[in-house]
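This report refers to the structure that appears directly beneath it.
In our numbering, the protein residues as written are 93 to 202.
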């Protein structure tokens with residue numbers, strides 16, 4: 093639970109998924125339902141695809157990733173809704189609501 097600023101966006105889309113350096117680095121854009129660019133999220137973790145597969149098959153887990161000082165958490169909110177929480181520093185976070193179909197885009201990439 094955040095004690096600072098929390099920004100919540102519903103029905104977001106994932107675009108421009110890219111993996112680099114032998115799949116250690118993942119970056120993707122988050123867009124609003126209307127197509128406005130909200131954020132570019134990057135993570136550095138060799139197990140990103142495995143982590144996402146585990147989350148999809150075991151929705152009670154919560155993913156925790158980091159890239160520098162940025163924290164990225166992903167969890168299942170309800171039947172077809174996942175939350176991607178992006179926090180660049182303590183006291184500030186954005187939560188992006190995505191469907192399971194959108195989350196699966198992170199498994200594809202380039």
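Beta carbons: idealized from backbone N, C-alpha and C, even for Gly.
Can you list, in chain order, the residues of its chain with a C-beta nearer than 6 Å to that of residue i? Leave out the 5 residues immediately preceding and following it.
i	result
residue 186	99, 178
residue 118	111, 135, 140
residue 156	165
residue 184	96, 97
Please state the DSSP three-state secondary structure of residue i.
i	result
residue 144	helix
residue 116	coil
residue 189	strand
Taking all protein chains shown into account, do 16 or more other C-beta atoms lie within 10 angstroms of the C-beta of residue i, making it buried, or fewer, making it exposed?
i	result
residue 195	buried
residue 199	exposed
residue 120	buried
Can you name, in chain order, every residue of its own chain whose Cβ lies under 7 Å from the Cβ of residue i, other than the five neighbours on each side?
i	result
residue 103	125, 189
Looking only at its chain, what residues have a beta carbon closer than 8 Å to the beta carbon of residue i, apart from the 5 residues adjacent to it on each side?
i	result
residue 161	180, 181
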